[in-house]
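Asks:
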Amino acid sequence: MGKNKSKYILFIVFILFSFFWVRAEEKSAGDNLFISKGTILTITKGKIEGGSILIKNGKIFAVGKDLKPPEGIKIIDATGKYVMPGIIDSHSHMAIDRGINESTSQVTPQVNIQDVIKHDDIAIYRALAGGTTCVQPLHGSANVIGGHNAVIKLKWGKPPEELLVKDSMQGIKFALGENPKKSNFPMPRGPEFPNTRMGIEFVIRDSFNHALEYMKKWDEYQKKKSSLKKGEIPPLPPKRDLKLEALADILKRNLGIVCHGYRADELLMMLKTADEYGAKVVSFEHCLEGYKVADEIAKHGTVASIFADNWAYKIEAFDAIPFNAAILTERGVAVTVNSDSDERVRRLYQDAAKTMKYGGLSEEEALKTITINPAKMLGIDHRCGSIEVGKDGDLAIFNGHPLSVYSKVLMTIIEGEVYFDIEKAITAEKALAMAKEKEKK
Amino acid sequence: MKGKISIKFIGLLCFLLILINYVYSEGNKGYAIVNAYIFPVTSAPIENGILLIKDDKIEAIGKDLEVPEGYEIINAKGLYVYPGLIDSSSFLGLSEIGSVRATVDTFEIGNFKPHIKAEVAINPHSELIPVTRVNGIATVLVSPRGGTIAGQSALVNLIGWTPEEMVLKSPAAIHISYPRVIERRRFGAPGEKPQDEAVAQKQLKELKEFLDRTKRYIEIWEAYNKDKKGSIPEKDLILEAMAPALKGEIPVVISADKVKEIKGAIELADGYKMKLILSGASEGWKCAKFIGEKGVPVILSSLFSLPGEKEPYDAIYANASILNKAGVKVVFSTESASDVRNLPYQAGTASAYGLPKEEALKGITIYPAEIFGVQDKIGSLEKGKIANIILTDGDPLEMRTQTKHLFIKGQKLPLTSKHIELYEKFRKRPSIKFFSR
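Below, the structure is given as structure tokens:
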């Protein structure tokens, strides 16, 4: 009886275990897919003509010329087509339900973009139609210290939590210059602090000091608690402050600084202040005058997340030059070309191509600005940004070279799953044909 | 003593420089572009061709031409020759820095402003002009904006010391915005307020009244001019400015986006016998056949804009191709100042989504020239036309292609701009070893 019972329990445990095992497997598994005989732009390992890619459970399993598709696998014929890694947009405000700016205060690192992901934003689908698979939706630039970032994969149709890339770089958006100065917006209550770039520097410094004090209080509390003698009454913990906690995490380098900045002086101010407090400026967003202080940016190891050629829309954008990418790259700064727009994200490959025109980046360098460089910046280069074995099966298939104006996206794949397919998409031509059919009936 | 010598020396130097300059300019009687792959646009490409420029005109174009003595020879081996590109709607020269109101002269106050003339306020020394032309854009339509009737546009070549020297044709057209329902938008056009159908209808009624008034004005003056009897009618600068459009002397550009607005615009122009050019037409693809049958050309709004929330993802990109198939003459515009330099990529993108490459190129060369009635002057490489010419190292519609030489009105322009100057300057910044304070 006892023996039987234990057997019975073992059996149940086995069933339960296998059930959970299968569940776990299901959750991590993307699709299986075989892409056959395309021109593969791997980004990190050169170009493969007539190459194939095998994706298993959402991960790239093999890349090469002589691959054979496993039996029963879905095959996509890429003959005459170009395959590149899914495009990554390092600066976006899509899919966050327009909740861009918590502009009620100058310092709001306690708010989090990850809480407001709008998974059915049409911008996601349209970005997919431009070969983009991953974006960094950011807090706006109305406050000096804004909110927590998000990195999402454009898994159109999936619930918000499945879009989030959880093992990405976590950072807080900072902003310098005209926007936090609010020089281009009417302020209902009249001028507010900060009204100058000097004031902005103080806001950052002051916030960091508050964070240091907060950290000190907690340190003292922990110390007291751990050295408690028998019979002593434990001390009260300090009041938790989510804002200061986030700032403290910046100083502890648990969070990076993703900093909107235009002018050379303000970029230098940010680097200097960050260096002083031991914080890490992960990226300068826009970085329009980055070319003027490229060496300093390179020294801190900050990524320049730039527009290809936007300029002249405000004073601080009047010295913006399209050669920015060229000078920054030449001086050792990693450059990403971003969209900051639901429109441009649909054709980031065109903007990347402009870095070849202005200052002569190579094809490979140009493609890096929208693939591996943003992947590195966002801390997801172990998963995304190039076509390599072991990485996520995120791909964009073009009918021509992606850096040509005449090319368009045919298919966009995330983790082996097809999220955009021009054959199935309702294009304008198809919509007209459908309307005609309807009329006939 | 020392000072005297240096002044003398400087004087001598100046004299020499003037002399050299004089001899040089006398020596150059024209330009001969040789060994070129020439794309005249209106005729077949010429391999290993020769193009001669004399004064501001194309003197000759062909295969076996003799290069006259004294012409500066430009060896275009490996290069391609195209006509200067044309942007069919911009506010280049009217706007310098978008957010600084003092530098922006695009929107005048008021609703019926045919008397507002772009040519009056074009800044020939705008930093944006060299930035634009080094990308191969030689001619732009500069149009004011805002209100039901925005004003008169001017077609200008991107060269000249004064607005007058720049102007190729002014007024080029009167610009009308077809009254429409405007939904609340976060980032609408400046001064844009949401309005419903009733407001739109009221505006349309007012527009028709304005046109009727202009018609009456023309009649009164025609009657007076016939026999000069009676008292001289009163002059009205506003109606006077509108009159050429109603006499059919210049076209009206009516912006309309939705199908209903497009049909309304065509009906309006028909009713008043105005020569119509549609602009915007983001839903043009939905009524392409209708536009084609009416023979109305279309200036597309920037292709780099989003379609309506419920429209197909490629609606804006494929618009040009669908209109073209229905026989509509389609031209491209940036409706911008700082972004005019990206005009060719709009044409290229339209081509990626179905427009034949030749048609895409025509949409930024000969077609704009035709719709603004200057096809005898610009838009293609033909004998006798204004020498607006670009030499490139590839297809000008491709992002990576570089302009290698640039001629506007026969003048060889240096390939420089604020951007190129800043690039050269900061490339030379000595590298830093450490931060010093």
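One line per chain: the protein sequences are A and B, in this order. One gets the working numbering by counting positions in the first sequence from 1 and adding 3 to each. One gets the working numbering by counting positions in the second sequence from 1 and adding 44 to each. Ideal Cβ placement from N, Cα and C applies to all residues, glycine included. Because the structure is a prediction, the values reported are computed rather than measured.
1) Name the chain A residues that come within less than 9 angstroms of Arg471 (chain B), Cβ to Cβ?
2) Under DSSP, the alpha helix (DSSP H) around Glu391 (chain A) begins and ends at which residues?
3) With distance defined between alpha-carbon atoms, name the residue in B:Leu136, B:Pro207, B:Gly154, B:Val186 nearest to Pro174 (chain B).
4) So Glu391 (chain A) and Thr47 (chain A) are supposed to be a Cβ contact under 8 angstroms. How far apart are they, rounded?
5) Under the three-state reduction of DSSP, which class applies to Asn187 (chain A): helix, strand or coil?
6) In whole angstroms, what is the alpha-carbon distance linking Ala315 (chain A) and Ser382 (chain B)?
7) Could you list which residues in chain A have their beta carbon closer than 9 angstroms to that of Tyr75 (chain B), in chain order?
8) Around the Cβ of Asp149 (chain B), are there at least 16 other Cβ atoms within 10 angstroms (buried) or fewer (exposed)?
9) Are the region 118 to 136 of chain B and the region 380 to 395 of chain B touching by the rule of at least three beta carbon pairs closer than 8 angstroms?
10) Taking buried to mean at least 16 other C-beta atoms within 10 Å of its own C-beta, is Arg145 (chain B) buried or exposed?
11) Given a cut-off of 9 angstroms, decide if Ile148 (chain A) and Asp86 (chain A) are closer than it, judged by their beta-carbon atoms.
12) Identify each residue in the region 84 to 105 of chain A for which the Cβ-Cβ distance to at least one residue of chain B is less than 8 angstroms, and report them in chain order.
13) 9 angstroms is my cut-off, CB to CB: does Glu426 (chain A) come that close to chain B?
14) Is there a C-beta anywhere in chain B that falls below 9 angstroms from the one on Met272 (chain A)?
15) In chain order, what are the residue ranges of uninterrupted beta strand (DSSP E) at least 3 long that sit wholly in the region 169 to 216 of chain A?
16) Based on DSSP bridge pairs, tell me the residues matched to Tyr75 (chain B).
17) Under 9 angstroms between the Cβ atoms of Pro377 (chain A) and Gln139 (chain A)?
18) Roughly how many whole angstroms lie between the Cα atoms of Asp256 (chain B) and Leu283 (chain B)?
19) To the nearest angstrom, how far is it from the Cα of Lys226 (chain A) to the Cα of Pro237 (chain A)?
20) Confirm, please, whether the CB-CB distance from Leu450 (chain B) to Leu405 (chain B) is below 9 angstroms.
21) State whether the region 50 to 66 of chain A contacts the region 332 to 351 of chain A, with contact taken as three or more CB pairs (one from each stretch) at a distance under 8 angstroms.
22) If distances are taken between C-alpha atoms only, which option among B:Asn363, B:Ile226, B:Val342, B:His159 comes closest to Ala194 (chain B)?
23) Should Ala216 (chain B) be flagged as near chain A, meaning a C-beta pair shorter than 9 angstroms?
24) Assign Arg266 (chain A) to one of three DSSP states: helix, strand, or coil.
25) Check Thr147 (chain B) in the structure and name its three-state DSSP category.
26) If you count every other CB in all the chains shown that lies within 10 Å of the CB of Trp205 (chain B), and 16 or more means buried, which is it?
27) Please report whether the beta-carbon of Trp159 (chain A) lies at a distance below 9 angstroms from any beta-carbon of chain E.
28) CA-CA distance, Ile43 (chain A) and Gly33 (chain A)?
29) Can you name, in chain order, every residue of its own chain whose Cβ lies under 6 angstroms from the Cβ of Ala27 (chain A), other than the five neighbours on each side?
30) Of the choices B:Pro112, B:Ala80, B:Gly74, B:Val85, whose alpha-carbon is the least far from that of Gly423 (chain B)?
31) Going by DSSP, what residue range makes up the alpha helix (DSSP H) through Asp354 (chain A)?
32) Does the beta-carbon distance from Met380 (chain A) to Ile400 (chain A) come in below 9 angstroms?
33) So Gly392 (chain B) is in the beta strand (DSSP E); what residue range does that whole segment cover?
34) In the DSSP assignment, find the alpha helix (DSSP H) that holds Asp314 (chain B) and state where it starts and stops.
35) Within 9 angstroms of any Cβ in chain A, is that where the Cβ of Asn363 (chain B) sits?
Replies: Straight from the coordinates:
1) By one-based count along the second sequence, residue 471 (chain B) stands at place 427. Simply Tyr294, Phe326, Ala329, Ile330, Glu333, Gly362.
2) For the purposes of this step, residue 391 (chain A) is taken as residue 388 along the first sequence, with counting starting at 1. Looking at the DSSP string, Glu391 (chain A) is not in any alpha helix (DSSP H), and its letter there is neither H nor E.
3) For the purposes of this step, residue 174 (chain B) is taken as residue 130 along the second sequence, with counting starting at 1. Relative to Pro174 (chain B), the option among B:Leu136, B:Pro207, B:Gly154, B:Val186 whose CA is nearest is B:Leu136.
4) The residue you call residue 391 (chain A) lines up with position 388 of the first sequence. The residue you call residue 47 (chain A) lines up with position 44 of the first sequence. Glu391 (chain A) to Thr47 (chain A), Cβ: 6 angstroms. Contact.
5) Taking the first sequence and counting its residues from 1, one reaches residue 187 (chain A) at position 184. Asn187 (chain A) falls in the coil class under three-state DSSP.
6) Indexing the first sequence from 1 puts residue 315 (chain A) at position 312. Indexing the second sequence from 1 puts residue 382 (chain B) at position 338. The C-alpha of Ser382 (chain B) is placed about 6 angstroms away from the C-alpha of Ala315 (chain A).
7) Counted from its first residue, the second sequence places residue 75 (chain B) at position 31. Ordered by position in chain A, no residue passes the 9 angstroms Cβ test against Tyr75 (chain B), which lies about 25 angstroms from the chain.
8) In the second sequence, counting from the first residue as 1, residue 149 (chain B) sits at position 105. The residue is buried, with at least 16 neighbouring Cβ atoms inside 10 Å.
9) Verdict: yes, contact present.
10) Taking the first residue of the second sequence as position 1, residue 145 (chain B) is located at position 101. Exposed is the call here.
11) Here residue 86 (chain A) is taken as the residue at index 83 of the first sequence, counted from 1. Here residue 148 (chain A) is taken as the residue at index 145 of the first sequence, counted from 1. A small correction: the amino acid at residue 86 (chain A) is Val; Asp does not occupy that position in the sequence shown. In this structure, Val86 (chain A) sits away from Ile148 (chain A), with a CB-CB distance that is not shorter than 9 angstroms.
12) The region 84 to 105 of chain A vs chain B, Cβ under 8 angstroms: Arg101.
13) Indexing the first sequence from 1 puts residue 426 (chain A) at position 423. Chain B, which has no Cβ nearer than 9 angstroms to the Cβ of Glu426 (chain A), makes this no.
14) Taking the first sequence and counting its residues from 1, the one referred to as residue 272 (chain A) is at position 269. Taking Cβ atoms only, chain B never reaches closer than 9 angstroms to Met272 (chain A), which makes this a no.
15) Counting whole runs of 3 or more residues, the region 169 to 216 of chain A contains the beta strand (DSSP E) stretches 174 to 178.
16) Here the question's residue 75 (chain B) lines up with position 31 in the second sequence. For Tyr75 (chain B), the pairing in a beta bridge is given by DSSP as B:Ile97, B:Glu116.
17) The sequence position of residue 377 (chain A) within the first sequence is 374, counting from 1. The sequence position of residue 139 (chain A) within the first sequence is 136, counting from 1. Cβ atoms of Pro377 (chain A) and Gln139 (chain A): closer than 9 angstroms.
18) Taking the first residue of the second sequence as 1, we reach residue 256 (chain B) at position 212. Taking the first residue of the second sequence as 1, we reach residue 283 (chain B) at position 239. Answer to the nearest angstrom: the Cα atoms are 10 angstroms apart.
19) Taking the first sequence and counting its residues from 1, the one referred to as residue 226 (chain A) is at position 223. Taking the first sequence and counting its residues from 1, the one referred to as residue 237 (chain A) is at position 234. Lys226 (chain A) and Pro237 (chain A): Cα-Cα distance of roughly 11 angstroms.
20) Numbered from 1 along the second sequence, position 361 holds the residue referred to as residue 405 (chain B). Numbered from 1 along the second sequence, position 406 holds the residue referred to as residue 450 (chain B). No.
21) With fewer than three CB-CB distances shorter than 8 angstroms, the region 50 to 66 of chain A does not count as touching the region 332 to 351 of chain A.
22) On the second sequence, position 150 is the one that residue 194 (chain B) refers to. Of the listed residues, the one whose Cα sits closest to Ala194 (chain B) is B:His159.
23) Within the second sequence, residue 216 (chain B) is the residue found at index 172, counting from 1. Chain A, which has no Cβ nearer than 9 angstroms to the Cβ of Ala216 (chain B), makes this no.
24) Residue 266 (chain A) sits at position 263 when you count from the first residue of the first sequence. In the structure shown, Arg266 (chain A) adopts coil according to DSSP, grouped into three states.
25) To locate residue 147 (chain B), count along the second sequence from 1; it is residue 103. Thr147 (chain B): helix per DSSP, three-state reduction.
26) On the second sequence, residue 205 (chain B) is found 161 positions in, with the first residue counted as 1. It is exposed - the Cβ of Trp205 (chain B) has fewer than 16 other Cβ atoms within 10 Å.
27) Note that chain E does not occur in the displayed structure, where the protein chains are A and B.
28) One-based indexing of the first sequence puts residue 43 (chain A) at position 40. One-based indexing of the first sequence puts residue 33 (chain A) at position 30. Each residue's Cα considered, the two are about 21 angstroms apart.
29) For the purposes of this step, residue 27 (chain A) is taken as the residue at position 24 of the first sequence. Confidence at Ala27 (chain A) is low in this model, with a pLDDT of 45, below 50, so its placement is unreliable and no value can be given for it.
30) Here residue 423 (chain B) refers to the residue found at position 379 when the second sequence is read from its first residue. When B:Pro112, B:Ala80, B:Gly74, B:Val85 are compared, the shortest CA-CA separation from Gly423 (chain B) is found for B:Val85.
31) Counted from its first residue, the first sequence places residue 354 (chain A) at position 351. Counting along the chain, the alpha helix (DSSP H) containing Asp354 (chain A) begins and ends at 351 to 360.
32) Reading the first sequence from its first residue, position 377 is the one you call residue 380 (chain A). Reading the first sequence from its first residue, position 397 is the one you call residue 400 (chain A). In this structure, Ile400 (chain A) does not lie closer than 9 angstroms to Met380 (chain A) by Cβ.
33) Your numbering for residue 392 (chain B) matches position 348 in the second sequence. In the DSSP annotation of this structure, Gly392 (chain B) is not part of any beta strand (DSSP E); the continuous alpha helix (DSSP H) holding it starts and ends at 387 to 396.
34) Residue mapping note: residue 314 (chain B) aligns to position 270 of the second sequence, counting from 1. 303 to 315 is the extent of the alpha helix (DSSP H) around Asp314 (chain B).
35) Taking the second sequence and counting its residues from 1, one reaches residue 363 (chain B) at position 319. At least one chain A Cβ lies under 9 angstroms of Asn363 (chain B).
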